[in-house]
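Since the structure comes first, as structure tokens, the remarks are kept for the end.
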Amino acid sequence: MKSARLIFLMMSMVYMLEAVGQEIKFGNPLTIPLRLSGTFGELRSDHFHTGIDIKTNQQEGYPVIAVEDGYVARIAVSPYGYGKAIYINHSNGYTSVYGHLQKMNGTIATYLHRKHYEKQKFQLDISLQPFEIKVKKGDTIAWSGNSGSSGGPHLHFEIREVSSQAAVNPLQFGISVKDWIRPTISLLKVYPDGFGSLVNGSPQPIKVNLSGWGPYYRLRNRDTLFIAGDAWFGIKTYDLLNDEPNHNGVRSVALFIDSIPVFNIEFNRLYFDKGRYINALCDYSEIVLHNHWIIQTRKAPQSHLENIYQTLVNNGSYTFLPDSIYHLKYVVSDHYGNESILRFIVKGKQKIYAPLRPFSSSHTQFSGDREASYDTLDFSFWAPIGAFYDTVNFSYKRLTSGPAFFSDFHRIHTPTTPIHSSVKISIRPDRLPSRLQNKAIIVKVNQGNKPSAFISRWDGNSLTASTRSFGTYAVLADTLPPLIKNLNFKNGQNIKYLPRLNIKISDDLSGIDSYVGDINGKWILLEYDAKNNLLTYFPDEMLAQGENILHIRVTDNVGNFSEATYNLIY
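Per numbering that gives the first Met the number 0, the very first residue in the sequence shown carries number 0; after that it's consecutive.
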């Protein structure tokens, strides 16, 4: 019996040693020292950051390196999002992703150029077979850039599980940066929950400034909060890396009440179809009004971020009994285990039941677990199941608009309430001339009456659009065609020694729908940088020796178009 147990223990030790020996590590994706401007799980607009952003000294053109042997499984090119991106599958079960690239290298570049011309499209998303393009660790696969929705030159790098395509933290695979700075906890917010609940005597949420630095934080100018009934909490927190000014994301946030864990979230694995639920995790009104990212303990009824919750007691809202004393502790950790702690005391108070205000008949209550609709004579609103994270006391108001608009303003609820799934709005223009019917478009109007257009279609006598934000909407007409302007060349110029041709395109309202270019009647690849309204042509085999005719046509979202023709010498 003893010998069998000994054999079992020895086999277990061998297995553990083999597992340690097989720990997965990836190489660095750049040849320069790694400095980060963004970390995994960072809180971003409508999504969690699913990788790391690596600085490239505010320049483009650094070699991008395959971090392990594998094959190119996907190549994506878009004016938005990741821009030009490469996805490499590895035999260890992971995919490495390289985004915002300037251009591809070698076999990948040749393959992609051919696909552009085969499909006569700039925007592509191509899946490849394992035998098509293989790479070795250390190969230069591309050059760093600023493509897509990038806010400046950098490399966006991800590690995903091949099987699920869930994103995991690249920093757990041997890719390291210098970080021994603890997270910062800069604000506490406390939310009374339910009728009669109060925080420091108020039925409204309160913000509490904090003092401290390094490992320990406390409430500024006090140590105790007075809570009657139920409440939940939220904190604003971020992490700093050595020698870097960027406010980065933390790895975990935990709350303890009298040493009992009641809330703990960890950003270890992120699913792309769950990213927008960040607007339920965080206080959305604080994001809209103050750009404060406050992580809340309360889990909204229609939030489906289950995988980040390690601990969640009573759905994140806690009861404080009268005359009882509670010791609360937040623990915030970064990706390298540096911790900061916020401690404070809560003293329970008796609930005070103020007289209820009568419910306003101008509000309609919507629940996130069912469809919702609201209709007037010239306006309608429809939301699918799951559009709202919580119950919404929906409000609507019709307002007089200006002379440029072909409908009144329709103020739909409040912009500080998040929408998860697209909702549909319909507006019947009451003063639109028939000659402008095919130019009409729904717009969202900000406080300065500046419009943002939405793709619209006619449904009977009403114009319909989809949106993911509340606000004020109306109808305008877009009658002006897009603009086309050559930037670095002139009509009749010899372009033989120009590395690229840059053409600016823009539209004043409905936005660019499509563009196409040809040389001597044959389609050419024009790369579109949407954030800079820029088309770029890199001279290629489509140019003939001598005279060439470049033709460009740009169409907006209501069918207005412009054309430009240039005679070029090559």
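Ideal Cβ placement from N, Cα and C applies to all residues, glycine included.
Note on geometry: alpha-carbon atoms of T363 and S465 lie some 21 angstroms from one another. The three-state reading of DSSP puts P62 in strand, counting E and B together. In the structure shown, N392 falls within a strand segment according to DSSP collapsed to helix, strand and coil. Counting C-beta atoms within 10 angstroms of its own C-beta, G315 has 16 or more neighbours from the protein chains shown and is therefore classed as buried. For K530, same chain residues with a beta-carbon under 7 angstroms away, outside a window of 5 residues either side, are S148 in chain order. The beta carbon of Q58 sits closer than 7 angstroms to those of P152, all from its chain and outside the five residues before and after it, given in chain order. Distance between P300 and V252, taken at the CA atoms: about 20 angstroms. Look at L209 here: in three-state DSSP terms it is strand. By the beta-carbon neighbour count (other beta carbons within 10 angstroms, threshold 16), L549 is buried. Assignment of H409 by DSSP, reduced to helix, strand and coil, places it in the strand class. Looking at Y270, N445 and L254, the one whose alpha-carbon comes closest to that of V167 is Y270. In the same chain as P214, and ignoring 5 residues on each side of it, the C-beta atoms closer than 7 angstroms to its own belong to R181, E338, S339 and I340, in chain order. Separation of N485 and D517 (C-alpha to C-alpha, rounded to the nearest whole angstrom) is 15 angstroms.
By the neighbour-count criterion, in which 16 or more other beta carbons inside 10 Å mark a residue as buried, T375 falls on the exposed side.
For S148, there is no enclosing beta strand (DSSP E), as DSSP marks it with neither H nor E. Exclusion of the five residues before and after Y352 leaves F194 and G195 as the residues of its chain whose Cβ lies within less than 8 angstroms of its Cβ. One Cα belongs to I502, the other to I87, and the distance between them is close to 33 angstroms.
Of the residues assessed, H334 falls on the buried side of the cut-off, its CB having 16 or more other CB atoms within 10 angstroms. Take G274, set aside five residues on each side of it, and the residues of its chain with a beta-carbon closer than 8 angstroms to its own are D45, H46, F47 and T49, in chain order.
Restricting attention to A452, K348, F560 and P428, the CA atom closest to the CA of L479 is found in F560.
I511 and V553 have their C-alpha atoms some 7 angstroms from each other. Shown here, R34 sits in coil according to DSSP, grouped into three states, outside any helix or strand. Spanning the alpha carbons of E370 and T399 requires a straight line of approximately 29 angstroms.
Boundaries of the alpha helix (DSSP H) around N278: I277 to L280. In the three-state reduction of the DSSP assignment, D507 falls in the coil class, being assigned neither a helical nor a strand state. One Cα belongs to P414, the other to V287, and the distance between them is close to 8 angstroms. In the DSSP assignment, L111 falls within the alpha helix (DSSP H) that extends over G105 to K118. With contacts defined by Cβ atoms closer than 7 angstroms, I551 and I483 form a contacting pair.
Residue H89 holds the alpha-carbon nearest to the alpha-carbon of G26 among V76, R73, G82 and H89. Counting only runs that start and end inside the region 256 to 300, the beta strand (DSSP E) elements of at least 3 residues fall at 259 to 265 and 293 to 295. Fewer than three beta-carbon pairs drawn from the region 387 to 396 and the region 424 to 437 are found closer than 8 angstroms, and the two stretches are therefore not classed as touching.
Taking 7 angstroms as the cut-off, the beta carbon of S95 is found closer than this to the beta carbon of V66. The closest CA to that of R34, considering only F130, G367, Q122 and S175, is found on S175. DSSP, reduced to helix, strand and coil, places S316 outside both helices and strands of the structure shown, so it counts as coil. Counting C-beta atoms within 10 angstroms of its own C-beta, K438 has 16 or more neighbours from the protein chains shown and is therefore classed as buried. Proximity of the region 67 to 77 to the region 275 to 282 falls short of the contact definition, fewer than three beta-carbon pairs being nearer than 8 angstroms.
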